[in-house]
Amino acid sequence: MKKQTKSFLLRALILAIALTFLYLPIMTLIVYSFNESKMVTVWTNFSLKWYRTLFNNSAIITAVGISLTIAFMSAITSVVIGTLAAFVMVRVHKFWGESAFLLFMTAPMILPEVISGLALLLLFVTLGDIIPVFSDRGIITIWIAHVTFCSAYATVVIRSRIVELDVSIEEAAKDLGAGPMKVFFVIILPAIMPAEVAAFLLSFTMSIDDLVITSFVAGPNSTTLPMLIFSSVRRGLSPEINALASVIVFVVSCFAFGLWVLTVRKQKRKEKNAQMIAAALRKENAKTLAH
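Sequential numbering of the sequence shown, starting at 635, is according to my numbering.
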């Protein structure tokens, strides 16, 4: 009993230290976002002043809109490319250039962002003489740059799910007359949908968080939120940035809590259905034995 108590206390202590290390800076940032003073490290009075200033700042609102637009576009495109690439990796076992295909699909995951950003910048500068849209770097160039590295992560996530699929179900559908497209959209796609959602969220998060690559390929009229925050911090800490970070933490927390609630409800629904099925089977077995 004493050993179990000591083990529990040790685990609780380690968990408390880890949570403090991870979340104490965030909590400090949130607390000081309600500080009336311009000095972020000197507390004076409680105030919502910086939140009002934040929502009246047109530059930040514009940057948020640009970041969300690019992140949404990048996530959708990355999921489509990742699904196609993962399907080729798993189902097409041998083809010419297979090793090169695997290398090029996963290379953005291990390449330093500085190298990727510089390479993309040189590419867009070269193509700018041929295609005018690349000469004036903006949302399109940032979107292409984000897709190049987000699609690699999406491919890995989706591939791990496709590997686990039962091929016999697809073969049975083909035997019943279903074509390749119908098999994919009716059987494969619903089966890998959790991986698709995970890849979308991962790509969305990585796109909206990227700073290094975006700094290389962005133009003067396409400032994203990370670029705006970084430039503001370089000029000095501002409580307005604390308020912005607090809003982001609140939105992400609400989203995560909502997903958790949906997951719990879905799990309870599955358990309830399993119990109803088990009870029905017991009744059926009891009737069979009675006869």
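Ideal Cβ positions, reconstructed from N, Cα and C, are used throughout, including at glycine.
* Cutoff 6 angstroms; reference residue 722; Cβ partners in own chain excluding five residues on either side -> none
* To do: At 4 residues or longer, and completely inside the region 719–751: list those alpha helix (DSSP H) runs for me, N to C.
  => 732–744
* **Euclidean distance between Cα positions of residue 705 and residue 777** => 8 angstroms
* By a C-beta neighbour count over all protein chains shown, 10 Å radius and 16 as the cutoff for buried, is residue 844 buried or exposed? -> buried
* **Inter-stretch contact at 8 angstroms, needing at least 3 Cβ pairs: the region 729–739 / the region 853–868** => no
* **Contact set for residue 754: own chain, Cβ-Cβ below 8 angstroms, skip 5 residues either direction** => 775, 778, 779, 782, 847, 850, 851
* Given a threshold of 16 other Cβ atoms within 10 Å of its Cβ, counted over all protein chains shown, does residue 876 qualify as buried or as exposed? -> buried
* **Three-way DSSP call (helix, strand, coil) for residue 668 in this model** => coil
* Asked: So is residue 764 buried or exposed if we call it buried at 16+ other beta carbons inside 10 Å?
  -> exposed
* Neighbourhood of residue 701 by C-beta, 7 angstroms cutoff - its chain only, sequence neighbours within 5 removed -> 842, 858, 859
* **Residue span of the alpha helix (DSSP H) that contains residue 851, given as start and end** => 846–851
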